[in-house]
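In what follows, a single structure is set out as structure tokens and then discussed.
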Amino acid sequence: MIEYLHPQNPEIRKLKQISDRLKDGELFIFPSDTVYAIIADANSKLGVESLYKLKKLPKDKPLSLLCKDISMASHMIEYLPNPTYRLMKKITPGPFTFILKASKNLPKPSFAHHKDRHIGIRFPGQIYLQSLLEIHDSPITAASASTEDEFIIDIDDLESIYGKSVASIIDGGIVKVEVSTILDCTEDKIKVIREGLGFDLIQDEI
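Just add 14 to wherever you are in the sequence shown, counting from 1, and you've got the numbering used here.
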């Protein structure tokens, strides 16, 4: 089912309903800063398992965590270097994935099978996800909506492929095929793992 949210002021009532259903283990598809993302409540065993099954991913493959802000993320980070903190404050929310050392406070359903104690955290700037996180107030596990060789960017294609497997798809129009910039922030020196959307804004910062 395709759903619509107001592009400037997403309806709080609808977002609360989505939040409740995420907590119950349902999946949704939202537009992100880059491509469409399939999302689950990071603390929902049913939701996370459904996401892995839908994407046909091995259980030890790490997925990104979407957080409302640095405060939410800090509980799951063992070590946040000062240069990374300053950069986060300057450039988030936005299309950046920060790889960080994880604490013991990770959502267990999302990381029960992971031996590598690193996490990838994003602070989405896309208004629908940002507004959802304000209401949901807990991390969300996300994976890109894609087939083996391409991202799915058209809402009708998303409905055809995933319509029976997710609770609903939030219409964000046809999105551009762009990936996030990935930054390794496990040490004091920030390393660029992948140059993606937004890299031109930070290349002089790192």
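Ideal Cβ positions, reconstructed from N, Cα and C, are used throughout, including at glycine.
The structure presented is a predicted model; accordingly, all values stated were derived computationally and were not measured.
What is the rounded straight-line gap between the Cα of residue i and the Cα of residue j?
{"i": "V189", "j": "L172", "result": "12 Å"}
{"i": "D218", "j": "N23", "result": "34 Å"}
{"i": "E25", "j": "K122", "result": "31 Å"}
{"i": "E92", "j": "A116", "result": "5 Å"}
{"i": "K203", "j": "F110", "result": "16 Å"}
{"i": "S64", "j": "F125", "result": "14 Å"}
{"i": "V206", "j": "A159", "result": "24 Å"}
{"i": "S46", "j": "P138", "result": "7 Å"}
{"i": "A156", "j": "C81", "result": "11 Å"}
For residue i, which residues in the same chain have their Cβ closer than 8 Å to its Cβ, ignoring the five residues on either side in sequence?
{"i": "R35", "result": "F42 and A181"}
{"i": "I167", "result": "V49, Y50, I188, V189, K190 and V191"}
Which whole-angstrom value describes the C-beta separation of residue i and residue j, a residue pair presumed to lie in contact below a C-beta threshold of 8 Å?
{"i": "P95", "j": "C199", "result": "6 Å"}
{"i": "I135", "j": "L79", "result": "5 Å"}
{"i": "L197", "j": "I141", "result": "With 8 Å as the limit, L197 and I141 do not qualify as a contact, their Cβ atoms being about 23 Å apart."}
{"i": "S149", "j": "L29", "result": "Looking at the sequence shown, residue 149 is not Ser but Ile. Right, the Cβ-Cβ distance comes to about 5 Å (below 8 Å), so this counts as a contact."}
{"i": "I216", "j": "L120", "result": "At roughly 26 Å, the Cβ-Cβ gap does not stay under 8 Å, so I216 and L120 are not in contact."}
Grab me the residues of residue i's own chain with a C-beta within less than 6 Å of its C-beta, minus the 5 sequence neighbours each way, in chain order.
{"i": "L68", "result": "S179"}
{"i": "E17", "result": "S182 and I184"}
{"i": "L71", "result": "none"}
{"i": "G210", "result": "V193, S194 and T195"}
{"i": "E40", "result": "A181"}
Taking residue i as part of the beta strand (DSSP E), name the residues at either end of that continuous run.
{"i": "S158", "result": "I154 to S158"}
{"i": "L80", "result": "S78 to L80"}
{"i": "S33", "result": "Run containing S33: none in the beta strand (DSSP E); it sits in the alpha helix (DSSP H), I26 to K37."}
{"i": "E258", "result": "The chain is shown only over 15 to 220; residue 258 falls outside these bounds and no answer can be derived."}
I need the boundaries of the alpha helix (DSSP H) containing residue i, first residue and last residue.
{"i": "P97", "result": "N96 to I105"}
{"i": "E63", "result": "K59 to K69"}
{"i": "F213", "result": "F213 to I216"}
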